[in-house]
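K.L.:
So the numbering used here is basically just the index in the sequence shown, starting at one, shifted up by 71.
Where a beta carbon is used, it is the ideal one built from N, C-alpha and C, also for glycine.
Remember, predicted model here, so these are calculated numbers, not experimental data.
This is the structure I want to talk about, given as structure tokens.
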Amino acid sequence: MKRAKQDMDDHNPRTDVEAGRRVNVSPDRPSDGSEFDAREWPFFWLTHATGLYLMHLERSLKKVGLDIGRWRVLMCVPPGQALSVSEISELAIVKLPTMMKLVQRMEAEGLVSCETRATDGRVTEVSLTDEGLFARTRAWQAAGKIFTRIFGGDNGLDVNALNLQLRQIVVRLEDN
Numbered sequence: 072m073k074r075a076k077q078d079m080d081d082h083n084p085r086t087d088v089e090a091g092r093r094v095n096v097s098p099d100r101p102s103d104g105s106e107f108d109a110r111e112w113p114f115f116w117l118t119h120a121t122g123l124y125l126m127h128l129e130r131s132l133k134k135v136g137l138d139i140g141r142w143r144v145l146m147c148v149p150p151g152q153a154l155s156v157s158e159i160s161e162l163a164i165v166k167l168p169t170m171m172k173l174v175q176r177m178e179a180e181g182l183v184s185c186e187t188r189a190t191d192g193r194v195t196e197v198s199l200t201d202e203g204l205f206a207r208t209r210a211w212q213a214a215g216k217i218f219t220r221i222f223g224g225d226n227g228l229d230v231n232a233l234n235l236q237l238r239q240i241v242v243r244l245e246d247n
């Protein structure tokens with residue numbers, strides 16, 4: 072464990088980025104994983120970045136009385152529109168039963184309203200209430216500060232290029 076920590080300390084992502092270092096990930100490496108280095112695995116960085124982002128987002132949302140689950144619902148449902156619980160669940164990557172419970176709690180809190188779809192009584196549609204719209208604004212402002220810190224300014228990352236690459240990864244993963 073100490074060795075892994077030391078390796079991580081020796082391998083500073085900030086220095087790597089500034090130096091323009093490229094990692095060596097190749098399918099030609101031994102198939103037994105003996106040469107595997109997490110720092111050269113893109114999914115390590117995706118997971119690490121997501122974890123850090125969620126940690127910062129959770130702290131910011133807590134200050135405005137919200138949490139990650141509520142953030143997901145508030146940001147998935149467009150103002151003035153309704154989405155089914157299934158659609159929200161898919162967008163938020165949350166299991167349907169978990170999303171249903173969250174939506175029910177948010178309805179009790181007055182953040183969303185739920186109605187049965189007129190054309191299909193099996194579908195529950197969710198829309199934001201006025202209080203939900205207000206909470207959405209607070210959530211967006213909290214998240215915006217994090218976004219600006221990461222992507223803003225002259226030295227910011229190219230969000231369009233990143234989004235394009237991530238979309239391509241998602242499409243390839245969905246194809247399987």
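Answer yes or no: do proline 149 and leucine 204 have a C-beta to C-beta separation smaller than 8 Å?
P.N.:
Result no, Cβ atoms of proline 149 and leucine 204 do not sit closer than 8 Å.
K.L.:
Three-state secondary structure (DSSP) at valine 242?
P.N.:
Here valine 242 sits in helix by DSSP.
K.L.:
Taking the beta carbon of valine 281 as the centre, do at least 16 other beta carbons fall within 10 Å, making it buried, or is it exposed?
P.N.:
Given that the chain is displayed from residue 72 to residue 247, the structure contains no residue 281 and the question cannot be resolved.
K.L.:
For the putative contact between valine 174 and leucine 199, defined by C-beta atoms under 8 Å, what is the C-beta separation to the nearest angstrom?
P.N.:
With a Cβ gap of about 11 Å, valine 174 and leucine 199 do not count as contacting.
K.L.:
Over the uninterrupted alpha helix (DSSP H) stretch that includes glycine 192, give me the two end residues.
P.N.:
Not the alpha helix (DSSP H): glycine 192 falls in the beta strand (DSSP E), residues 191-199.
K.L.:
Please tell me whether methionine 284 and serine 160 are closer than 8 Å, where the distance is taken between their beta carbons.
P.N.:
Any property of residue 284 remains undetermined from this structure, which presents the chain solely from 72 to 247.
K.L.:
Tell me where the beta strand (DSSP E) around alanine 109 begins and ends.
P.N.:
First-last for alanine 109: undefined, no H or E at that position.
K.L.:
Determine the direct distance from the alpha carbon of glutamate 180 to that of glutamate 111, and round the result to whole angstroms.
P.N.:
Cα-Cα distance, rounded: 45 Å.
K.L.:
Considering only C-alpha positions, which residue in the set Leu167, Ser155, Lys172 and Met177 is nearest to glutamate 186?
P.N.:
The residue with the shortest Cα to Cα distance from glutamate 186 is Ser155.
K.L.:
Which residues does DSSP list as the beta-bridge partners of glutamate 186?
P.N.:
Glutamate 186 pairs with Glu196.
K.L.:
In this structure, what does DSSP give as the bridge partners for alanine 153?
P.N.:
Note: alanine 153 sits in a beta bridge opposite Ser198.
K.L.:
Using the C-alpha atoms, what's the distance from leucine 235 back to valine 241?
P.N.:
C-alpha separation (whole angstroms): 10 Å.
K.L.:
Would you report the Cα separation of arginine 130 and glutamine 239, rounded to the nearest angstrom?
P.N.:
Rounded to whole angstroms, arginine 130 to glutamine 239 spans 30 Å at the Cα level.
K.L.:
Would you tell me roughly how many angstroms separate the C-alpha atoms of alanine 153 and threonine 195, rounded to the nearest one?
P.N.:
Roughly 10 Å between the two C-alpha positions.
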